[in-house]
Structure formats: structure tokens, C-alpha cells
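**Q** Residue numbers (our numbering), protein chains in the order written: chain A, 1 to 337; chain B, 1001 to 1241; chain C, 2001 to 2294.
All C-beta atoms, glycine included, are put in the ideal place defined by N, C-alpha and C.
Fair warning: this is a prediction, and the values are worked out from it, not measured in the lab.
Here it is as C-alpha cells:
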């Protein structure tokens, strides 16, 4: 990875920190907060998808876990917000740990369907249970302070970005994760336990999302199964990451900014045609997959990470190594674990 | 004769009704190079897969340095000193040559910097140092095979399983690879090598074991095995025997 | 306990509809090896076409079925080359490319549906809807609503037709060859492009007809497409991806489960149970009940 690019992020961070002090518009602040949240959602999804090669179509479940944790604890148990946030993240991580071990054994497409089914199940649970308020959702004690939530969100997302950067670019973790994505059997022969690494990636992708969910709940003051656990959360994160560029950290961030900016303008100027947004979202991802599989950022930087995800991320059958020459796969080729 | 580093005892591997490996037994002495030969489909790669942990043996025992390893995972075996190459080479195509070997180096050197230093030494050893930043997918076949060996060596193994590392190379490249294997042997690493190219096997192996249809046909010095009528029959058919 | 026979019967009848949801989906997977995320959306579109045709022309939805089939067959036939291009693209794994691409298609169709049809639900009236067949014997009685029975018969007809086509016609043999080994099939003279177009057309056509059925027996909203996609996934995973003979069994099983849950537990738990069950099946036996999936 070229370090120069990341150096640009430090002044950007300083600007972002100073933003509320310079601009006085609560509306603008809310927009930026939500943009930052989407950046967080997109890069966490990309950790599992672009780097590890697993498509989690149930990403929203971690968000919902965090959101409902905060909502339930604040509303029914009178907890202070600050205490609920770490717990939201922790529970999301725990969920990832528990379901990760069995689910990550599944091959690509089955993992996608499995996580999708699981997230839908959790959404159903939220619709049914009383403690979550059912379809009517939950109202939290109001606290109007845009700057407060802005800094919370910025802190979580910036921290996540920094953590991911260290883990993926500097620590052995990044190499191991990519090795598994490229060739799991080959990685095993080199001493890497794929399940351990995959679960680590899964948990790492879940905890920040739980934190963001917690913040979201108190920030928006209202959550329901649709807004906190809905498909649309995952779908948008997926589009953002793919359009931006899988397998990079900056790609999904850019994708998030672009898609969210587009969505906001759509909402502002074309609110009659809101459902058109879905159409355009769909078209965006369809076209990206066909013409720009590495996403905007990936293509710009000449990366080829996304191709690797697309190549390996959804295979069901054991892959025949395409880089070998004329030898065909021997009959003893082990199945994916 | 030094203590056997690898003991294969009556190993059987079945897939449904198919006996891919049907009662193989031999000992590999420490520092020995043993060739594993046999016609296509004889079960050589299956045996490798069993020894390196990708399959658990259906029956039989495998002992490495005195302890049972049947059924252990490949990554566990890598960490206790068994390295292998794959017949269909498995580079990590999206990563550079250096990164490929560094990943292997992480096994013995958990910190990335140390692993990278170690990787450089391996690249020098295998003659790939000048291609370190190239993408592994862009290597020639010879390069990829050497990378394969390099990655296995980065594990600092005591036992190296080589699966057809010479096949497909032209004579010059093949000779260089043979040199490499002999250097590895010089370190005292025990080697089990599958190869179709007879002159390679016969020249570098201390002993040879012959498989056919999963059964063990012969075991002994290369020259003796080459004269064994059953071996000749297996390779060349009835009339030649 | 009196209810049990009725519950079982209801389950079988519902299973019939589920068969048609899943059978086209499984066929397309088996031949083209794509997981079409948009299957529920095709169902939804078909339902709405049926609804509007019924309103404008006044024909009973069951009579509209062939027309709907042909329209959507044409749509599918025409769309297939685009998908084919995505799948054969030089970069990337076709299965994944296909899935993400159909994911995009799904979003587009759903948005289209919401735009054109709005948010509220519709239902198609049918002459059969008001009658049922009542079987009485003392205390024991069974109600068989005609419209659901028709749905089951429809499913049986589709299954038999497909089965006949695949096993007894030359075209069908070509399809099976294509599913097993595209290159060899091509060498044997199977026109893969045309076959794929026909198969995809059949799949879209059947899905659309299923939509009409669903709107007649129940109701439909543009947002419900996702739910049917989940059901299709569930059935096909249970049956084994691409293993057509497993579909009727899996569909009937799902119908039975749903029926039992609704009566003996609660309707709202049904969906939850379906999702959890799907997840568990994937963990235990991703190749399906018969172990013959991909």
C-alpha cells in the first residue's frame, strides 16, 4: 500500500475534528455525522468481504444489536448512555463470535445466504418481542446535541479506520487474511488456522458496527426493526463498498461519501421520487460489477483486490487453480474446509 | 542408521468404496531422501494429503518424530515441522513473491518484520530475490515451483514433502531445482519426493517406494527397484516384465 | 387434534405454491449456475401484471396465466444475454458476479415496483376464490378451498411438464447436458446461448405465473418480493441447489411446517422459524436433505 495516500488522512481528520467549531449548522452536522456512520458501515463490511473474501449479507444484525442494547438499557434499566455503548459493541462482537464459528465454515454463497437468513431471523425477533417494542419500535430519552453525537461517531469510525489500517497493513493479520482469501488450503499448509483468522475478522467487523448502532439509537432517539435491522442497511453498505472499491480501506469510504451524498441530494430535491433511489442503487451496483469490478477507488489506483474477492468470495466448489499450467487438479484435491 | 523421522504403518485411505491408499508402510530415516513413484492415479498425492493433514487416514498410523500425527490439521503439522508443496502450485496470486514467503515465515517468526527478514533469506536461497516485488501470478512456472519450495522452506521444516516440483520444467530449470533439493538435503532435512521424471528420482533418492493402485509394490534402493519385475510390469505392462 | 388433518392439508396446498416458487429458481441455478437474487421480484412483477390485466380485461386470473407466462418468458429470454455476458466476463468468479449483479437487478425491480405500484397490497379476485370443497363425515370435516387446490394442481402440472421436457425431449436432454458440462454439451451440438435464453425465459415465466397465483390466493405488495426470495432460497437449499427432484419434497415440507406453526404456535413466529430453520439447514447439511446439492 502506498503510504502517501494515508498521510493525507491526518489533516483531513484534523479538519473533521474542527468542523463543529467552525460551522454552526446543526443540519450540516447531522449530515456529516451520518456520512461518517456510513463510512464506518462500509469499511467494516469490506473487512470481511474485500479482505477476507466473505460476503456478509446480514451486516445489519450487528447494528441492530448495538442499537437495541442501548435502547433497552437506557429505557428499561435507566443506564447512562456512555455505559451502554461499549456493551453494545461487546454484544455485537459476541454475536459474531458465536455465529462465526459455525457459519464461516460454509462456502462462499452459502455463507451469504446463511448470514442473510440469520439477520432476517433477528429482525423477526425484534418484531415479535415485547421488550424491543415490536413493530412500533422504541423511543429513547431525547438528547439534542448534534456535536456530541458527531464526536462520538467520528471517534468510533476514525478509531476503527486506524485500527484496521494497523492490523491490515502493519500486522501479520492482514497478510493472513489475504492468504486465506487467495487460497485457503495453501494457507493451511503454511501454518495458518483459517477458522481462527476468519472469526477474528468477523468479530472485528462486528464490534464497530455494534458501537455505531448504539450511538445511532441515542442520536436518532427512535429505532424500530426496519431502521435498525433492515435489509436496506446492509444493502447500502454493500453498494458503497463495491462501488468504492473492495479490498481497500479508502475505497468503501469514498463509496460511502458518494452514495450517501447522492442519496441526500435525492431526498432533498426529488423526495417525490424516493423509490427511484432504489432503482439507481441497483443500477449502480450492477454496472459496477460488470464494468468496474474494482470499484472507483480500486480502478483509480490500479488495484486488483476486488477481482480476488469476486474470484474466490462466492465459490461453492473447490477451485481449480487457474494459475497452474496444464496440470489439472489432482483427484486428491481437498475440499474446502 | 539414524532414527526414523517418519513412520508410515499400514496406512489406508478410502473414499467411499475406493481404496486410494491401501496399506502403505515405510520408514523415512532422518536426513534421507525417499522417492515416491508410481503410475498416474497410484495414490501418491493422496498419501501426501494424508501425511500433511488434509485427510485423516482411514486406518493405520503415521508417526512423526515419535508422535502420532494422523488426523492433525495441516497448520498444526506445519508448526511442528512438516512442509509441503502442491502438485498444482498454490501461490497467492494477488500477493507479491515476498509477501507469499513472508506469510510462510510468520509460522516461525510471528512478528511481521522478522518474518520478512526471514523471507528475504529464503528468496536468496531459492534464487527469487530479484523478483521479490513481482506479483506471484506473473512468475513463470519454474518461478512458481521455486516459490512453492521457498514457502515450504520458510517453515523451517524437518520433513519436506515435494510433490512434482520438477515436472513441466525444461532441463536447465530442472537441473537447478535438483541442485536446490540437494542443498536442502545438505541441511539435514528429510525429504519425501513424488516425481514422474525417473532420472531425477533415481539420481537424488536414497531409497524409492513404488505405488500402484494404492498398493505398495516395492521399497528399496533405486537401482534395485528399477529391476523389480513387478515395478516394470506396473509401468510398462505385462509383456515387458 | 381435530385440526390436524386440516392443518396437514393446508400445508400441502401451500406447499404447492412453494413448489412453483422454487422450481424455476433451482432450474436456473442448475443450468446457468447463478443464484438469482431477484426471483422474488419476478414473482412480484408477475403478480402485478396479473392484477392489472384482471382489472382491465376482467378475465379470471387462472385464464390469464398463459398470457402472463408468455410475456415474462419473452422478458427473460431477452434479458438472458446480458446476464450471460456478466457470467462469462473475464474477471471474477461467475457465481459471485451473477449474485451481486442479480442483487442489483433486485434493487432496481423493487424500486420500479414501488414507484409504479405504490406501497399498499393488492389481491386478484377469482371465480374460484369463493368456493371450497367441503368434506364432512360426522364430526370430521375438511375444507379444501378451490383456489388453493387449483394452485396445487398448477404446481403439479408445471412440475410434470418440466420433468417431461427434461427427460423426454431432445431439448431437455440438451439442457441436462448443459447443466453438467457446458463445453462438452456445446461440442455435441447444444446451442448453449439459445438454451440458456429459453431456460431463463421459462424460469421468469414460471415465477411470474406464481406471482399471479399468490396474488389470487393471498395478496401482494411490492415490498414482499424479498420474502419470496427467502422462501425460494430456503426450499432450494433444503432440496439441494440445482437438484430439481428435491424441490417438491422440500416445498411440501416447508408448507407443512408453516401450516403447523401458524396453527399451533403463532403466525408471527412462522417467519422467524423459517429463517432459523434455513440457517440451521445450511450449517448441518448445505447440500440439502438428499445431499445432492451443489
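1) Do you know whose CA, among A/205, A/63, A/177 and A/291, lies nearest residue 194 of chain A's CA?
2) Give the DSSP-derived three-state secondary structure of residue 1219 of chain B in the structure shown.
3) Quick one: which chain C residues come within Cβ less than 7 Å of residue 54 of chain A?
4) Can you grab the Cα-Cα spacing for the pair residue 2026 of chain C / residue 86 of chain A, in whole Å?
5) How would you list, in chain order, the residues of chain C whose beta-carbon sits under 9 Å from the beta-carbon of residue 13 of chain A?
6) Looking at residue 2046 of chain C and residue 2201 of chain C, is the spacing between their C-beta atoms short of 8 Å?
7) Determine which residues share a DSSP beta bridge with residue 2135 of chain C and list them.
8) Cβ atoms of residue 1084 of chain B and residue 1161 of chain B: under 8 Å apart, would you say?
9) Measure how close the beta-carbons of residue 1097 of chain B and residue 1154 of chain B come, nearest whole angstrom, since I'm counting them as under 8 Å.
10) If we count the other Cβ atoms within 10 Å of its Cβ and call it buried at 16 or more, is residue 1131 of chain B buried or exposed?
11) At a CB distance below 7 Å, what residues from the segment 20-49 of chain A approach chain C? Give them in sequence order.
12) Hey, would you say residue 2247 of chain C sits closer than 8 Å to residue 2282 of chain C, going by beta carbons?
13) Hey, is the segment 2058-2072 of chain C in contact with the segment 2198-2217 of chain C, meaning 3+ C-beta pairs nearer than 8 Å?
14) Kindly provide the ranges of any beta strand (DSSP E) runs that are 3 or more residues long and lie completely inside the segment 1142-1180 of chain B, ordered along the chain.
15) To the nearest angstrom, how far is it from the Cα of residue 1144 of chain B to the Cα of residue 1174 of chain B?
16) Please return the same chain residues whose Cβ sits closer than 7 Å to the Cβ of residue 2147 of chain C, not counting the five positions on each side in sequence.
17) Note down, in chain order, each residue of its chain lying with its Cβ closer than 8 Å to the Cβ of residue 2285 of chain C, except the 5 sequence neighbours on either side.
18) Indicate whether at least one CB of chain A lies closer than 8 Å to the CB of residue 2106 of chain C.
19) Helix, strand or coil for residue 315 of chain A per DSSP?
20) Would you mind telling me which residues of chain C sit closer than 9 Å to residue 258 of chain A, beta carbon to beta carbon, in chain order?
21) CA-CA distance, residue 2272 of chain C and residue 136 of chain A?
22) Let me make sure I understand the geometry here. Which of A/145, A/89 and A/253 has the alpha-carbon closest to that of residue 220 of chain A?
23) Using CA coordinates, which residue listed in A/28, A/88 and A/110 is at the minimum distance from residue 57 of chain A?
24) Where does residue 2268 of chain C fall in DSSP's three states?
25) Give the residues from the segment 278-304 of chain A that approach chain C closer than 7 Å (Cβ to any Cβ), ordered along the chain.
26) Within 8 Å of any Cβ in chain A, is that where the Cβ of residue 2159 of chain C sits?
27) Using only the alpha-carbon positions, how far apart do residue 243 of chain A and residue 2220 of chain C sit?
28) Strictly below 7 Å CB to CB, what residues from chain A border residue 2271 of chain C?
29) Within 8 Å of any Cβ in chain A, is that where the Cβ of residue 2163 of chain C sits?
30) Against residue 2286 of chain C, what residues of chain A qualify as contacts under a CB-to-CB distance less than 8 Å, listed in chain order?
31) Answer yes or no: does any C-beta atom of chain A fall closer than 8 Å to that of residue 2279 of chain C?
32) Does any C-beta atom of chain C lie closer than 8 Å to the C-beta of residue 93 of chain A?
33) Pull up the distance between the alpha-carbon of residue 1050 of chain B and that of residue 1070 of chain B, whole angstroms please.
34) Are the beta-carbon atoms belonging to residue 1060 of chain B and residue 1010 of chain B less than 8 Å from one another?
35) Report yes or no: do three or more beta-carbon pairs, one from the segment 2166-2183 of chain C and one from the segment 2010-2021 of chain C, lie closer than 8 Å?
36) Among the residues of its own chain, which have a CB less than 6 Å from the CB of residue 269 of chain A, if the five just before and after it don't count?
**A** Quick answer:
1) In the first chain, counting from the first residue as 1, residue 194 of chain A sits at position 194. Selected option, being the one with the closest Cα: A/177.
2) Taking the first residue of the second chain as position 1, residue 1219 of chain B is located at position 219. Residue state, collapsed to three classes: strand.
3) Translated into positions along the first chain, residue 54 of chain A becomes position 54. By Cβ distance, chain C contributes nothing, its closest Cβ being about 11 Å from residue 54 of chain A, past 7 Å.
4) Position 26 of the third chain, counted from the first residue, corresponds to residue 2026 of chain C. Position 86 of the first chain, counted from the first residue, corresponds to residue 86 of chain A. Going from the Cα of residue 2026 of chain C to the Cα of residue 86 of chain A covers about 44 Å.
5) Against the first chain, residue 13 of chain A aligns to sequence position 13. By Cβ distance, chain C contributes nothing, its closest Cβ being about 32 Å from residue 13 of chain A, past 9 Å.
6) Here residue 2201 of chain C corresponds to residue number 201 of the third chain, with the count starting at 1. Here residue 2046 of chain C corresponds to residue number 46 of the third chain, with the count starting at 1. Going by C-beta atoms, residue 2201 of chain C is not nearer than 8 Å to residue 2046 of chain C.
7) For the purposes of this step, residue 2135 of chain C is identified with residue 135 of the third chain, where counting begins at 1. Paired residue(s): C/2142.
8) Within the second chain, numbered from 1, the residue matching residue 1161 of chain B stands at position 161. Within the second chain, numbered from 1, the residue matching residue 1084 of chain B stands at position 84. In contact: residue 1161 of chain B and residue 1084 of chain B (Cβ atoms closer than 8 Å).
9) Translated into positions along the second chain, residue 1097 of chain B becomes position 97. Translated into positions along the second chain, residue 1154 of chain B becomes position 154. Contact flag wrong, Cβ pair sits at about 12 Å.
10) Translated into the one-based positions of the second chain, residue 1131 of chain B becomes position 131. Answer is buried; the Cβ neighbour count reaches 16.
11) none
12) Taking the third chain and counting its residues from 1, one reaches residue 2247 of chain C at position 247. Taking the third chain and counting its residues from 1, one reaches residue 2282 of chain C at position 282. Cβ distance not < 8 Å, so residue 2247 of chain C and residue 2282 of chain C don't count as in contact.
13) yes
14) 1159-1163
15) Translated into the one-based positions of the second chain, residue 1144 of chain B becomes position 144. Translated into the one-based positions of the second chain, residue 1174 of chain B becomes position 174. Cα-Cα distance, rounded: 13 Å.
16) Within the third chain, numbered from 1, the residue matching residue 2147 of chain C stands at position 147. Closer than 7 Å at the Cβ level, and outside the excluded window around residue 2147 of chain C, lie 2126, 2128, 2129, 2216 and 2217.
17) Working through the third chain from its first residue, we reach residue 2285 of chain C at position 285. 2291, listed in sequence order.
18) In the third chain, the residue the question calls residue 2106 of chain C occupies position 106. Taking Cβ atoms only, chain A reaches closer than 8 Å to residue 2106 of chain C, which makes this a yes.
19) Within the first chain, the letter at position 315 stands for residue 315 of chain A. Note that residue 315 of chain A has pLDDT 45, beneath the 50 cutoff, so the model's placement of it is unreliable and the number below is only indicative. Correct three-state label for residue 315 of chain A: coil.
20) Stepping through the first chain from its first residue, residue 258 of chain A is reached at position 258. Ordered by position in chain C, no residue passes the 9 Å Cβ test against residue 258 of chain A, which lies about 16 Å from the chain.
21) Stepping through the third chain from its first residue, residue 2272 of chain C is reached at position 272. Stepping through the first chain from its first residue, residue 136 of chain A is reached at position 136. For residue 2272 of chain C and residue 136 of chain A, the distance between alpha carbons rounds to 18 Å.
22) Reading the first chain from its first residue, position 220 is the one you call residue 220 of chain A. When each option's Cα is compared against that of residue 220 of chain A, the closest is A/145.
23) For the purposes of this step, residue 57 of chain A is identified with residue 57 of the first chain, where counting begins at 1. Checked all of A/28, A/88 and A/110; the closest Cα to residue 57 of chain A is A/110.
24) For the purposes of this step, residue 2268 of chain C is taken as the residue at position 268 of the third chain. Residue state, collapsed to three classes: helix.
25) 278, 279, 281, 282, 283, 285, 286, 289, 290 and 293
26) Counting from 1 along the third chain, the entry for residue 2159 of chain C is found at position 159. Not one chain A Cβ lies under 8 Å of residue 2159 of chain C.
27) If you number the first chain from 1, residue 243 of chain A lands on position 243. If you number the third chain from 1, residue 2220 of chain C lands on position 220. Distance between the alpha carbons of residue 243 of chain A and residue 2220 of chain C is about 32 Å.
28) Here residue 2271 of chain C is taken as the residue at index 271 of the third chain, counted from 1. Per Cβ cutoff of 7 Å: 124.
29) Reading the third chain from its first residue, position 163 is the one you call residue 2163 of chain C. So no, residue 2163 of chain C is outside the interface.
30) The count along the third chain starts at 1 and reaches residue 2286 of chain C at position 286. In chain order: 106, 107 and 110.
31) The residue you call residue 2279 of chain C lines up with position 279 of the third chain. It does; some Cβ of chain A falls within 8 Å.
32) Here the question's residue 93 of chain A lines up with position 93 in the first chain. Cβ-Cβ to chain C under 8 Å: no for residue 93 of chain A.
33) As a first step, residue 1050 of chain B must be located in the second chain, where it is residue number 50. As a first step, residue 1070 of chain B must be located in the second chain, where it is residue number 70. Roughly 8 Å between the two C-alpha positions.
34) Start at 1 with the first residue of the second chain, and residue 1060 of chain B comes out as number 60. Start at 1 with the first residue of the second chain, and residue 1010 of chain B comes out as number 10. It is a contact, given that the beta carbons lie within the stated cut-off.
35) no
36) In the first chain, residue 269 of chain A corresponds to position 269, counting from 1. The answer is none, since no qualifying residue turns up.
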